[in-house]
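Numbering (my numbering), first residue to last: 456 to 793.
Ideal Cβ positions, reconstructed from N, Cα and C, are used throughout, including at glycine.
What follows is a single structure, written as structure tokens, with notes after it.
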Ligand code: UDP
């Protein structure tokens, strides 16, 4: 059985990926510093899968602690989620974002080299495409010029990985560019649990739906889109998790460096997502129209043909599934995971 080191494996996407790995016969070894996740997630992974993954509480920038993880466990592959991810906060704290998000991946790459691990998956983001003029976005589009430090850390990490792959052709590296992850585990045990007021649309909507927040602000209804609100490619987190398993299998065939968009290929506006949430769950989401949010683009959605062709992966769940699962998680965890 392959041992997969999952850095940041108790977070929103990480925890769902740990479940998917276990269900596919892998043995995940989870590292997380709990800076933006809860230890209770580990119990919940065990409840869902019947298996408690090995867990090490450590910060991925801590070379000594991570070296110990590599020494004590035979690692066959790595999935690197561990990063700061709040766009707005990254504008306020660029030093912390560049430092953490680069050091954690570089430390992992150094140890990967030292311990002879060959397979590495990196969590990237659609943000690397910057302000692209044409949709959908293809993997070979130009990248760079992300609109904030968080996005720049994704661009920089991608560049590092391209250079590493050139220098070490024996490595297999997958860069996965996530579009907008939403939804939750259908059990209601795992889901998005942001600290403080959510920045992202779906957790905001679900907190409004249970009365934890009074009303959703829609940031701009004057975009050049059919209903004037921003369009994004929302993907169910379960699909995203399966994308990691498919990518790991690809790496095991000695793929070298590969890059995939993980999205649905379909754009949904803010108003459409609100309506889908209301219809799926029989609730009303009060909204107020506010000015555009700085740094937002009108639309952003993926072409995902490459992942389908090369990984046999495509998104299976709909926006309605995701709205139902997000609401279920929120109702079962009104104050988040405790
Ligand atoms: N959005 C909104 N209200 C919110 C949060 C987000 O209208 O409280 C809009 C935002 O302007 C964008 C879309 O929802 O058009 C998705 O935003 P999110 O922050 O979830 O993801 P992003 O694509 O910006 O990473």
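Can you tell me whether DSSP reads residue i as helix, strand or coil?
i           : result
residue 473 : helix
residue 606 : helix
residue 684 : coil
residue 580 : strand
residue 719 : coil
residue 751 : coil
residue 507 : coil
residue 738 : coil
residue 674 : strand
residue 634 : coil
residue 487 : strand
residue 552 : helix
residue 724 : strand
residue 570 : helix
residue 575 : strand
residue 519 : helix
residue 705 : helix
residue 745 : strand
residue 535 : strand
residue 689 : strand
residue 665 : coil
residue 783 : helix
residue 616 : helix
residue 774 : helix
residue 478 : helix
residue 459 : strand
residue 626 : coil
residue 494 : coil
residue 601 : coil
residue 714 : strand
residue 592 : strand
residue 757 : strand
If we call anything under 8 Å between Cβ atoms a contact, is residue i one with residue j?
i           : j           : result
residue 617 : residue 599 : no
residue 576 : residue 699 : yes
residue 707 : residue 768 : no
residue 563 : residue 635 : no
residue 630 : residue 579 : yes
residue 500 : residue 474 : yes
residue 715 : residue 607 : no
residue 718 : residue 678 : no
residue 686 : residue 740 : no
residue 457 : residue 531 : yes
residue 644 : residue 477 : no
residue 742 : residue 671 : yes
residue 605 : residue 689 : no
residue 465 : residue 524 : no
Indicate, with yes or no, if the ligand UDP has a heavy atom lying under 7 Å from the CB of residue i.
i           : result
residue 685 : yes
residue 600 : no
residue 579 : no
residue 755 : yes
residue 748 : yes
residue 612 : no
residue 482 : no
residue 775 : no
residue 692 : no
residue 725 : yes
residue 674 : yes
residue 671 : yes
residue 795 : Residue 795 is absent from the model: the chain starts at 456 and stops at 793.
residue 655 : yes
residue 635 : yes
residue 751 : yes
residue 553 : no
residue 593 : no
residue 605 : no
residue 584 : no
residue 518 : no
residue 659 : yes
Quick one: does residue i have its CB under 8 Å from some CB of chain D?
i           : result
residue 719 : Within the model displayed, chain D is absent; a lone protein chain is all it includes.
Quick one: is the Cβ of residue i within less than 7 Å of any heavy atom of the ligand SAH?
i           : result
residue 510 : The ligand SAH is not part of the structure shown, which contains the ligand UDP as its ligands.
| said: So, does the segment 494-503 touch the segment 536-543, judging by three or more C-beta pairs under 8 Å? | reply: No, they do not touch.
| Inter-stretch contact at 8 Å, needing at least 3 Cβ pairs: the segment 624-643 / the segment 736-748 | The segment 624-643 vs the segment 736-748: no contact.
| message | Count Cβ pairs between the segment 542-557 and the segment 476-486 that sit closer than 8 Å; are there 3 or more? | response | no
| Are three or more beta carbon pairs between the segment 583-598 and the segment 530-537 nearer than 8 Å? | Here the segment 583-598 does not lie against the segment 530-537, with fewer than 3 beta-carbon pairs under 8 Å apart.
| said: Whether or not the segment 724-733 and the segment 672-684 are in contact is what I'm after, with contact meaning three or more pairs of Cβ atoms, one per stretch, closer than 8 Å; do they touch? | reply: yes
| query | On the three-pair Cβ rule with 8 Å, is the segment 633-650 touching the segment 768-785? | reply | yes
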